[in-house]
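Numbering (my numbering), first residue to last: 357 to 744.
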């Protein structure tokens, strides 16, 4: 109702509405953005999650025109291509949708190449440096607090947001979302001068950190989250920091999601993550998704053998197939009492800003299991990797 709202105002209003679950309000605002400025590519992308029925055909026509007839920046083409793929999927044209994504990802790889060697170096270092429990110092009570973080980690698109919503539906748990605080504090306190937040140089220098001070700084940064006994930090890539989290918080509960590799890799490939964040550059191809998945799972399974008591590997398919049983196990692991709200987390009214913001507004379901099969034969390369 603002007088003469600008496209930027309307877009920000729409995104905020989506985060809060007000999807119809968001959709109306996004159509208004595009009526005023059809080149607003972020609005196209946000809208592609919300269209239904005849709106899909209307939006498809706009997207094809934009991609066919107008010069676009890389960022614009990526947003428009992912939007087009979403709309094609709604029409069940999975082959064309995947072709659109493959072309867009190839273009991104040209401009922002994925450095698989750097990721492999980090995983190799972690395996070598933390080969046994002798590298984990004993618990230090000075790092403990009345507020205890719960860390949720795992591959993106593996169910981390679902588990966050389940836990934050409990009266004693607040949601912090995808917090960058632990990784940035570790980088700062390590004294590493390397350009990347995460690399082997930083991890080596992190050996000399005072982890009591890191824990205190982390808790000071996150004290705004709430007054509950626990809060959730669900940055998926915190799996790189498992030994360091354990040093800072000896008694913290860490939950790692494990999902079918085919569904996880296809989910990663289909998603438009933060374009300039190098953590996500492995999503440029299905093959690099598969390689990264295997490295991630090898590392977390290695860590589980070291840190079994306070580390839980939670299977996504088991969780959504038998939610009551596995939510009870999850709450027990976190030393929380049973609350029925956790089973009905779709009633959780807290805003959601992750890629799963639409899905977690629905009851727990099995709709995403086996979704990768829609994209055959594009997925043959994944089957080759995972069936070796």
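Where is the CB? At the ideal position from N, CA and C, for every residue including glycine.
Any idea what DSSP makes of residue i, helix, strand or coil?
{"i": "residue 668", "result": "strand"}
{"i": "residue 454", "result": "helix"}
{"i": "residue 644", "result": "helix"}
{"i": "residue 478", "result": "helix"}
{"i": "residue 553", "result": "coil"}
{"i": "residue 630", "result": "coil"}
{"i": "residue 439", "result": "helix"}
{"i": "residue 548", "result": "coil"}
{"i": "residue 531", "result": "strand"}
{"i": "residue 720", "result": "coil"}
{"i": "residue 377", "result": "coil"}
{"i": "residue 472", "result": "helix"}
{"i": "residue 566", "result": "coil"}
{"i": "residue 577", "result": "helix"}
{"i": "residue 397", "result": "helix"}
{"i": "residue 360", "result": "coil"}
{"i": "residue 725", "result": "coil"}
{"i": "residue 448", "result": "coil"}
{"i": "residue 537", "result": "helix"}
{"i": "residue 744", "result": "coil"}
{"i": "residue 583", "result": "coil"}
{"i": "residue 406", "result": "coil"}
{"i": "residue 460", "result": "helix"}
{"i": "residue 625", "result": "helix"}
{"i": "residue 663", "result": "coil"}
{"i": "residue 428", "result": "coil"}
Classify residue i as buried or exposed, calling it buried when 16 or more other Cβ atoms lie within 10 Å of its own Cβ.
{"i": "residue 487", "result": "exposed"}
{"i": "residue 421", "result": "exposed"}
{"i": "residue 558", "result": "buried"}
{"i": "residue 732", "result": "exposed"}
{"i": "residue 426", "result": "exposed"}
{"i": "residue 609", "result": "buried"}
{"i": "residue 485", "result": "exposed"}
{"i": "residue 653", "result": "buried"}
{"i": "residue 380", "result": "exposed"}
{"i": "residue 433", "result": "buried"}
Sort out for me which residues DSSP pairs residue i with in a bridge.
{"i": "residue 348", "result": "Outside the displayed span of the chain (357 to 744) sits residue 348, for which this structure offers no information."}
Please go through the same chain and pick out, in chain order, the residues whose beta-carbon is closer than 6 Å to the beta-carbon of residue i, but skip the five residues on each side of it.
{"i": "residue 388", "result": "366"}
{"i": "residue 516", "result": "508, 510, 590, 592 and 613"}
{"i": "residue 407", "result": "415"}
Kindly list the residues whose CB is nearer than 8 Å to the CB of residue i, restricted to its own chain and excluding five residues on each side of it in sequence; keep chain order.
{"i": "residue 436", "result": "397, 400, 401, 419, 422, 423 and 428"}
{"i": "residue 553", "result": "539, 540 and 543"}
{"i": "residue 727", "result": "619, 622 and 623"}
Got a sec? Which residues, its chain only, sit under 7 Å from residue i by beta carbon, not counting five neighbours each side?
{"i": "residue 537", "result": "574, 577 and 578"}
{"i": "residue 570", "result": "541, 542, 545 and 604"}
{"i": "residue 649", "result": "511, 617, 620 and 621"}
{"i": "residue 528", "result": "584, 585, 586 and 692"}
At a threshold of 7 Å, does residue i count as lining the ligand COA (C-beta to nearest heavy atom)?
{"i": "residue 640", "result": "For the ligand COA, the structure offers nothing, since it holds no ligand at all."}
Just checking: is the beta-carbon of residue i within a distance shorter than 8 Å of some beta-carbon in chain D?
{"i": "residue 725", "result": "Structure shown: chain D not included; a single protein chain is present."}
- request: For the stretch 588-622, list the alpha helix (DSSP H) runs that are entirely contained and at least 4 residues long, ordered along the chain.
  value: Unbroken alpha helix (DSSP H) runs of no fewer than 4 residues, entirely contained in the stretch 588-622, are found at 598-604, following chain order.
query: What alpha helix (DSSP H) runs, 4 residues minimum, are completely inside the stretch 674-711?
result: If we require 4 residues or more, the alpha helix (DSSP H) runs fully inside the stretch 674-711 come out as 679-689.
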